[in-house]
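Novice: Chains as they are written, first to last, in this note's numbering: chain W, 1 to 454; chain G, 455 to 908. Built from N, CA and C at the ideal position, the CB exists for glycine as well.
Number of protein chains: 2
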Amino acid sequence: MATKPGIPKGTRDFSPVEMAKRNYIFDTIRGVYALYGFQQIETPAMENLSTLMGKYGEEGDKLLFKILNSGNFLSGIAPEELGEANTNKLAARLCEKGLRYDLTVPFARYVVQHRDELTMPFKRYQIQPVWRADRPQKGRYREFYQCDADVVGSDSLLNEVELMQIVDTVFTQFGIRVCIKLNNRKILTGIAEMIGAADKIVDITVAIDKLDKIGLDNVNAELKAGGLSDEAVARLQPIISLSGTNKEKLAVMKDVLAESETGLKGIAECEFVLDTLSALGLRNAMELDLTLARGLNYYTGCIFEVKALDVEIGSITGGGRYDNLTGIFGMPGVSGVGISFGADRIFDVLNQLDLYPKETVTGTELLFVNFGAAEAAYCLPVMAQARQAGVRCEIYPDSAKMKKQMSYANAKAVPFVAIVGENEMNEGKVTLKNMATGEQSLLTPDEMINIIKK
Amino acid sequence: MATKPGIPKGTRDFSPVEMAKRNYIFDTIRGVYALYGFQQIETPAMENLSTLMGKYGEEGDKLLFKILNSGNFLSGIAPEELGEANTNKLAARLCEKGLRYDLTVPFARYVVQHRDELTMPFKRYQIQPVWRADRPQKGRYREFYQCDADVVGSDSLLNEVELMQIVDTVFTQFGIRVCIKLNNRKILTGIAEMIGAADKIVDITVAIDKLDKIGLDNVNAELKAGGLSDEAVARLQPIISLSGTNKEKLAVMKDVLAESETGLKGIAECEFVLDTLSALGLRNAMELDLTLARGLNYYTGCIFEVKALDVEIGSITGGGRYDNLTGIFGMPGVSGVGISFGADRIFDVLNQLDLYPKETVTGTELLFVNFGAAEAAYCLPVMAQARQAGVRCEIYPDSAKMKKQMSYANAKAVPFVAIVGENEMNEGKVTLKNMATGEQSLLTPDEMINIIKK
Numbered sequence: 001m002a003t004k005p006g007i008p009k010g011t012r013d014f015s016p017v018e019m020a021k022r023n024y025i026f027d028t029i030r031g032v033y034a035l036y037g038f039q040q041i042e043t044p045a046m047e048n049l050s051t052l053m054g055k056y057g058e059e060g061d062k063l064l065f066k067i068l069n070s071g072n073f074l075s076g077i078a079p080e081e082l083g084e085a086n087t088n089k090l091a092a093r094l095c096e097k098g099l100r101y102d103l104t105v106p107f108a109r110y111v112v113q114h115r116d117e118l119t120m121p122f123k124r125y126q127i128q129p130v131w132r133a134d135r136p137q138k139g140r141y142r143e144f145y146q147c148d149a150d151v152v153g154s155d156s157l158l159n160e161v162e163l164m165q166i167v168d169t170v171f172t173q174f175g176i177r178v179c180i181k182l183n184n185r186k187i188l189t190g191i192a193e194m195i196g197a198a199d200k201i202v203d204i205t206v207a208i209d210k211l212d213k214i215g216l217d218n219v220n221a222e223l224k225a226g227g228l229s230d231e232a233v234a235r236l237q238p239i240i241s242l243s244g245t246n247k248e249k250l251a252v253m254k255d256v257l258a259e260s261e262t263g264l265k266g267i268a269e270c271e272f273v274l275d276t277l278s279a280l281g282l283r284n285a286m287e288l289d290l291t292l293a294r295g296l297n298y299y300t301g302c303i304f305e306v307k308a309l310d311v312e313i314g315s316i317t318g319g320g321r322y323d324n325l326t327g328i329f330g331m332p333g334v335s336g337v338g339i340s341f342g343a344d345r346i347f348d349v350l351n352q353l354d355l356y357p358k359e360t361v362t363g364t365e366l367l368f369v370n371f372g373a374a375e376a377a378y379c380l381p382v383m384a385q386a387r388q389a390g391v392r393c394e395i396y397p398d399s400a401k402m403k404k405q406m407s408y409a410n411a412k413a414v415p416f417v418a419i420v421g422e423n424e425m426n427e428g429k430v431t432l433k434n435m436a437t438g439e440q441s442l443l444t445p446d447e448m449i450n451i452i453k454k
Numbered sequence: 455m456a457t458k459p460g461i462p463k464g465t466r467d468f469s470p471v472e473m474a475k476r477n478y479i480f481d482t483i484r485g486v487y488a489l490y491g492f493q494q495i496e497t498p499a500m501e502n503l504s505t506l507m508g509k510y511g512e513e514g515d516k517l518l519f520k521i522l523n524s525g526n527f528l529s530g531i532a533p534e535e536l537g538e539a540n541t542n543k544l545a546a547r548l549c550e551k552g553l554r555y556d557l558t559v560p561f562a563r564y565v566v567q568h569r570d571e572l573t574m575p576f577k578r579y580q581i582q583p584v585w586r587a588d589r590p591q592k593g594r595y596r597e598f599y600q601c602d603a604d605v606v607g608s609d610s611l612l613n614e615v616e617l618m619q620i621v622d623t624v625f626t627q628f629g630i631r632v633c634i635k636l637n638n639r640k641i642l643t644g645i646a647e648m649i650g651a652a653d654k655i656v657d658i659t660v661a662i663d664k665l666d667k668i669g670l671d672n673v674n675a676e677l678k679a680g681g682l683s684d685e686a687v688a689r690l691q692p693i694i695s696l697s698g699t700n701k702e703k704l705a706v707m708k709d710v711l712a713e714s715e716t717g718l719k720g721i722a723e724c725e726f727v728l729d730t731l732s733a734l735g736l737r738n739a740m741e742l743d744l745t746l747a748r749g750l751n752y753y754t755g756c757i758f759e760v761k762a763l764d765v766e767i768g769s770i771t772g773g774g775r776y777d778n779l780t781g782i783f784g785m786p787g788v789s790g791v792g793i794s795f796g797a798d799r800i801f802d803v804l805n806q807l808d809l810y811p812k813e814t815v816t817g818t819e820l821l822f823v824n825f826g827a828a829e830a831a832y833c834l835p836v837m838a839q840a841r842q843a844g845v846r847c848e849i850y851p852d853s854a855k856m857k858k859q860m861s862y863a864n865a866k867a868v869p870f871v872a873i874v875g876e877n878e879m880n881e882g883k884v885t886l887k888n889m890a891t892g893e894q895s896l897l898t899p900d901e902m903i904n905i906i907k908k
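(1) So, does the CB of residue 545 of chain G fall closer than 8 Å to a CB anywhere in chain W?
(2) Look at residue 501 of chain G and residue 560 of chain G and say whether their C-beta atoms are less than 8 Å apart.
(3) Once the 5 residues before and after residue 96 of chain W are set aside, which same chain residues still bring their CB inside 7 Å of it?
(4) For the alpha helix (DSSP H) that residue 408 of chain W lies in, which residues bound it at each end?
(5) Counting contacts by CB-CB distance shorter than 8 Å, is residue 36 of chain W in contact with chain G?
(6) Taking Cβ positions only, does residue 426 of chain W come closer than 8 Å to chain G?
(7) Can you pull the chain G neighbours of residue 173 of chain W, defined as C-beta to C-beta under 7 Å?
(8) Quick check on residue 150 of chain W: buried or exposed, where buried means 16 or more other Cβ atoms within 10 Å of its Cβ?
(9) Can you tell which of W/396, W/440, W/115, W/360 has the C-alpha that lies nearest to the C-alpha of residue 376 of chain W?
(10) So is residue 811 of chain G buried or exposed if we call it buried at 16+ other beta carbons inside 10 Å?
(11) For a test of your reading of the model: does the CB of residue 862 of chain G fall under 7 Å from any non-hydrogen atom of the ligand FMN? Yes or no.
(12) Strictly under 8 Å for the Cβ-Cβ distance: is residue 40 of chain W near chain G by that measure?
(13) Do residue 411 of chain W and residue 448 of chain W count as a contact pair if the criterion is CB distance below 8 Å?
(14) What's the C-alpha gap between residue 123 of chain W and residue 30 of chain W?
(15) Rounded to whole angstroms, what is the Cα-Cα separation between residue 32 of chain W and residue 496 of chain G?
(16) Name the DSSP bridge partner or partners of residue 120 of chain W?
(17) Do the segment 567-575 of chain G and the segment 615-622 of chain G touch if we need at least three Cβ pairs shorter than 8 Å?
(18) Consult DSSP for residue 874 of chain G and reduce its assignment to one of helix, strand or coil.
(19) Pick helix, strand or coil for residue 766 of chain G, following the three-state DSSP scheme.
(20) Taking 8 Å as the limit between beta carbons, can you name the residues of its chain near residue 897 of chain G, skipping five residues before and five after?
(21) What ranges does the beta strand (DSSP E) occupy inside the segment 580-665 of chain G, keeping only unbroken runs of at least 3 residues that lie completely in it?
(22) Would you list the one or two residues that DSSP bridges to residue 340 of chain W?
(23) If you draw a straight line from the alpha carbon of residue 312 of chain W to that of residue 348 of chain W, how long is it in whole angstroms?
(24) Secondary structure at residue 299 of chain W, three-state DSSP: helix, strand or coil?
(25) Using the beta-carbon of each residue, which ones in chain G are nearer than 7 Å to residue 260 of chain W?
(26) Does the distance from the C-beta atom of residue 139 of chain W to that of residue 344 of chain W stay below 8 Å?
(27) Any beta carbon from chain G within less than 8 Å of residue 156 of chain W's own beta carbon?
(28) Go through its chain and collect everything with a Cβ distance to residue 37 of chain W's Cβ below 6 Å, but skip five positions before and after it.
(29) Determine the closest residue to residue 111 of chain W out of W/280, W/14, W/325, with distance taken between C-alpha atoms.
(30) Which two residues bound the contiguous alpha helix (DSSP H) that contains residue 504 of chain G?
(31) Is there a Cβ of chain G sitting closer than 8 Å to that of residue 1 of chain W, yes or no?
(32) Could you give the uninterrupted runs of the alpha helix (DSSP H) lying entirely in the segment 328-373 of chain W, keeping only those of 4 residues or more?
(33) Can you give me the C-alpha to C-alpha distance between residue 876 of chain G and residue 836 of chain G, rounded to a whole angstrom?
(34) Could you tell me if residue 596 of chain G is buried or exposed, where buried requires 16 or more neighbouring beta carbons within 10 angstroms of its beta carbon?
(35) With DSSP run on the structure shown, which of helix, strand or coil describes residue 72 of chain W?
(36) Please identify, using Cβ separations under 7 Å, the residues of the segment 379-397 of chain W that lie next to chain G, in order along the chain.
This is the structure in structure tokens:
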């Protein structure tokens, strides 16, 4: 036999059981998005490279999967271009299209392209795979699904509130206990202003973000090594060591940032979101966390991240407010806020905590054993009746040995098996075997259906 | 403003309304597949080119979208290779991966790769996009979904029977009246044998297939032009002009093919499928149609095709039996039979016949008008309660002019609007406006929910 065929590294096949679990995840998220008035769109897997390039930084450009032009892709390319050392430049000549790298840029493109058809605010969700030529490693794939929801065309903080309610509802439905962390880019900007190092905001937040991992002393050392004065680092101390309830934290921060208009605006935004949500009674905790520093290149207001409480894993959902989604495509002034559920990590968490509902796997409920042509002919109308009643059933297609047919039932984890021989045919009945208990009963088709459906 | 961004030709964005309709199609097909014991799998968008190349003929190889290798894709390629005229050969050096062209080859690869985990017969379905660098035209796209179901590892004709039941059930659920056409590759082989032109089977079937379009005389002329003797063409006449019921057609064919063992086998197969199905009482007609000649390169037994009766459009579903799915990957002896629903054409048929159920579009059911911060704060817990009861609702995020908010409700086709001002807040109620009738009533939240849910 030839070598077993494989699939590209970093990609996956999904088996029936995995698919059932993934569908459970997607259907749950989809259902909650719909409950909040979000509408689904889909965009093509391939976008023009001109849409994608330059949107994810230099590193991102390299991680785009580019699609070779069809036909004579060399036509019009001079020999000296082929010899060039800059393969990125050549790639752009050989390829016009690339696979989408996330759902945000295609969404921005969608909004601009369809602006005349859209009513703002536009609340869309999108659940589709994305592709990145990242080095594959545990939990990181080259093809993976994103589940994004965004509201664009509204500055209202009620959108932030709704997104947090969505997060809370989704994880409650999953049965995963989480902590929802909240920060605000404006607070971080205020902090940088306050210590007179507005250009160092990224360094500062990166250092603060390491607090859990490396401890306060090392954070301070890193801040100094990054060029902050002793005085600046000293002024940061109450922020780095911030603790207590959200109200207490906000009170401290109001003091610390009293002179930063931007900082105070960020605090007011967080306060509104936290107060409004606390009146609504979320089932999961929300925590103001100033060390949360994701997406600083594009988030401009609230930033969120969700951590699972009972499993050691990175963030399983995240998002934030951005001010200028579509500016890159020449349509300024469209503010938005969005979240993205990490389906792959949620899949792992549900597995580890064994939280999938039993009915997730919608496999065959009833297998008819096949004893031959006459018996099969008897079974077919009974099966049609069962399906009419919503019973997922099948007949073993060949009249193989009983043992083989029962192995098949076991391998597919079929809970009920129907056995029809001469006796059953004469009586107009079937023998139903409960595979869990081993119990067998001679029943009419109606009785059989009732037992399976209950 | 910069040029509006676009998408690659032959690809599409799907708007919320289109998505809702597509989900209705996919969910219906998915539900019926599950009812017959089929299980869903997914495979990666990218396959190794070695898996895809050579599986779709020379033309197919050209239509594969190939993905440029990441990093330095020129490394190891000699300058003279770059100058070569054969771009296909160079493409294979620049690209290791390609986008899947159909779901059949990835499925064959899946079966071979996972053979040790699978229990045969394996009944799988798969609903995913495929990509082809075809010239785009009306109804033909470069990215489109296929909805395939196959049973592999069983020769039993009960599988053919079940697939026809699935087709019948799906189109009954859609409300599309169809004719299911059946043929058998073995009958076609028998015909070719009978007239002593076994090598001309493709020419013959292509010519016969044109009967509807060009008429009998032209078919005969084409057959002669193709090298058939007058005698051979004369012997084909009863077949080309075959008519009557399925039983009558089969009777004629039994005579005509009396000396072809293969031909008689094909007739017996069709007879079994038709007889078994007629005992089950399909809701759509099945018709033996010898001019049906699809997939002759790979189908070896029954061949099916579905035509919509009330819309002029090509085949909307098709499939057949193949003998050696996985031989290309070194695993011989795996027979199978499958069908594929044409989602894009079904989408068009449902649109033309206006058959989408009203509840297909699961948009917002209830919009809360936003009169300001206090009113919004009052609305939020009412909305939480409504969502708890399954009502899809949202609040207009900004306290914009009433007219703007009502336009938004109209644009999203929201059936109910809740209006909350001082009066409602004082009474603990909401004013519910039915957007279709214009009727307004002052209600408690519970009353409001009951009206919307009924």
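Specialist: Taking the coordinates as given:
(1) For residue 545 of chain G, the answer is yes, since a Cβ of chain W falls inside 8 Å of its Cβ.
(2) yes
(3) 48, 49, 69
(4) 402-411
(5) yes
(6) no
(7) Within 7 Å Cβ-Cβ: nothing; residue 173 of chain W doesn't reach chain G, min ~12 Å.
(8) buried
(9) W/396
(10) exposed
(11) The ligand FMN is not part of the structure shown, which contains no ligands of any sort.
(12) yes
(13) no
(14) 13 Å
(15) 24 Å
(16) Partner(s): none; residue 120 of chain W has no beta bridge.
(17) no
(18) Look at residue 874 of chain G here: in three-state DSSP terms it is coil, with no helix or strand label.
(19) coil
(20) Exclusion of the five residues before and after residue 897 of chain G leaves 883, 884, 885, 886, 905 as the residues of its chain whose Cβ lies within less than 8 Å of its Cβ.
(21) Qualifying beta strand (DSSP E) stretches, in chain order: 597-606, 632-638.
(22) In DSSP, residue 340 of chain W forms a bridge with W/148, W/318.
(23) When rounded, the distance between both Cα atoms is 11 Å.
(24) strand
(25) The premise fails here: residue 260 of chain W is roughly 25 Å from chain G at the closest Cβ pair, so nothing lies under 7 Å.
(26) At a Cβ-Cβ threshold of 8 Å, residue 139 of chain W and residue 344 of chain W count as neighbours.
(27) Closer than 8 Å to some Cβ of chain G, the Cβ of residue 156 of chain W qualifies, so yes.
(28) 123
(29) W/325
(30) 503-506
(31) Bear in mind that the predicted position of residue 1 of chain W carries a pLDDT of just 44, short of 50, making it too unreliable to give a figure here.
(32) 343-352
(33) 15 Å
(34) buried
(35) coil
(36) 380, 381, 384, 387, 392, 393, 394, 395, 397
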